[in-house]
Amino acid sequence: MRCLVVADLHYSLPQFDWLLSAAAQFDLVIFAGDALNVGSMVDFRAQIVVVKKYLALLASQTRVILCSGNHDLDERSAEGEKISRWIADVRELGIACDGDSLAIADTLFTVCPWWDGPQVKQRLVAQLHDAATRRPQRWIWAHHAPPANSPTSWGGKRFFGDVDLVQWIADYKPSMVISGHVHQSPFIPDGSWFDRLGETWVFNTGLQHGRPPTHIVLDLDEGKAFWLAAGEAQWIDLNAPLQRPARPVVEPPDWLTSLDRIADPSLAAPRAAAG
Numbered sequence: 169m170r171c172l173v174v175a176d177l178h179y180s181l182p183q184f185d186w187l188l189s190a191a192a193q194f195d196l197v198i199f200a201g202d203a204l205n206v207g208s209m210v211d212f213r214a215q216i217v218v219v220k221k222y223l224a225l226l227a228s229q230t231r232v233i234l235c236s237g238n239h240d241l242d243e244r245s246a247e248g249e250k251i252s253r254w255i256a257d258v259r260e261l262g263i264a265c266d267g268d269s270l271a272i273a274d275t276l277f278t279v280c281p282w283w284d285g286p287q288v289k290q291r292l293v294a295q296l297h298d299a300a301t302r303r304p305q306r307w308i309w310a311h312h313a314p315p316a317n318s319p320t321s322w323g324g325k326r327f328f329g330d331v332d333l334v335q336w337i338a339d340y341k342p343s344m345v346i347s348g349h350v351h352q353s354p355f356i357p358d359g360s361w362f363d364r365l366g367e368t369w370v371f372n373t374g375l376q377h378g379r380p381p382t383h384i385v386l387d388l389d390e391g392k393a394f395w396l397a398a399g400e401a402q403w404i405d406l407n408a409p410l411q412r413p414a415r416p417v418v419e420p421p422d423w424l425t426s427l428d429r430i431a432d433p434s435l436a437a438p439r440a441a442a443g
């Protein structure tokens, strides 16, 4: 199984277009939060309409997982906590979203919501407890914020990760946690796109503007993770202990060569969902 991981697209339509071009090559797209952008001049409700159209097109090509990020919160619950109401609506598109767990072959994917207070946090705790009772050997979480005190949450002056996530990882020992949120971590000294807490691999895609988005490819059959950014291509061996730095991609596989071609808008102009 080969998974394409993105996060923090923040309503960048050229990046969504690239994602549509690439999706069919993968068994699963994992979107680790922040599809929307609270700082955009585009009305939030309009953003939701457009992003839902993109997600429908993605779901017509491959399986899709979407967890909420802090930019995706559009309402308050009865308890006054910020929530992402619109993300629950994409479930009807066949997309696994906040609160869901999706089993594909020998892997269980658990989709975690962004929590803004004790009620959603408690539901997340219950979700992890329930999923743990039926976990296979490989268990992967989509959780927008990376763990605290990890290079994947390093912002240059302090860590921006989730302290509770560190404890949940220690308690349940998932195989991987897929995150985003801290945009600069992979690009700055002492930061990284990958880390390992015990036996758990942790990933943060990072953010670069323009097309294509920074992304990670998990080749679960080959036991490799690739990080692909502008002018950079790195990989790590998932079956080996943590080693830094990551290795440069010297002999790109066929799918990576194909992605390089898609990344050039003059070679591929996919149908825009906003049109």
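So in the numbering used here, the last spot in the sequence shown is 443, and the numbers never skip.
We put the CB at the ideal spot given by N, CA and C, even for glycine.
- Residue pairing by DSSP places residue 196 opposite 171 and 231 in a beta bridge.
- Measuring C-alpha to C-alpha distances from residue 236 to each of 355, 311, 322 and 383 identifies 311 as the nearest.
- Taking C-beta atoms as the reference points, residue 169 and residue 339 fail to come closer than 8 Å.
- A straight-line Cα-Cα distance of about 29 Å links residue 427 and residue 318.
- The DSSP-derived three-state label of residue 365 is strand.
- Sequence-distant Cβ neighbours of residue 231 in its own chain, meaning closer than 6 Å and more than five residues away, are 196.
- A straight-line Cα-Cα distance of about 18 Å links residue 226 and residue 268.
- Between the alpha carbons of residue 171 and residue 327 lies a gap of roughly 27 Å.
- For secondary structure counted as the beta strand (DSSP E) over 3 or more consecutive residues, the segment 312–384 holds these complete runs in sequence order: 344–347, 362–365 and 368–372.
- DSSP places residue 396 in the uninterrupted beta strand (DSSP E) bounded by 392–397.
- Relative to residue 366, the option among 245, 376 and 409 whose CA is nearest is 409.
- When the alpha-carbon of residue 397 is set against those of 405, 391 and 385, the nearest one is in 385.
- In the three-state DSSP reduction, residue 310 falls in the strand class (E or B).
- For residue 348 against residue 373, the beta-carbon gap comes to about 5 Å, under 8 Å, which counts as contact.
- In terms of Cα proximity to residue 262, the closest of 271, 303, 253 and 228 is 228.
- Residue 279 is bridged by DSSP to 310.
- Look at residue 422 here: in three-state DSSP terms it is helix.
- Between residue 284 and the set 242, 190, 208 and 322, the nearest pair of CA atoms involves 242.
- Per DSSP, residue 305 is not a residue of any alpha helix (DSSP H), being assigned neither H nor E.
- Straight across, the Cα-Cα distance linking residue 187 with residue 290 is about 33 Å.
- The DSSP-derived three-state label of residue 412 is coil.
- Excluding five sequence positions before and after residue 391, the CB atoms of its chain that fall closer than 7 Å to its own CB belong to 405, 406 and 407, given in chain order.
- Here residue 214 has no same chain residue with a Cβ atom under 6 Å from its own Cβ, once five neighbours each way along the sequence are excluded.
- In the DSSP secondary-structure assignment, residue 403 is bridged to 394 and 415.
- Burial is judged here by how many other beta carbons sit within 10 angstroms of a residue's own beta carbon; residue 183 has at least 16 and is buried.
- In summary, residue 209 is exposed, with fewer than 16 beta-carbon neighbours lying within 10 Å of its beta-carbon over all protein chains present.
- Residue 269 is bridged by DSSP to 278.
- Excluding sequence positions up to five before and after residue 278, its CB lies within less than 6 Å of the CB of 269, 299 and 309, all in the same chain and listed in chain order.
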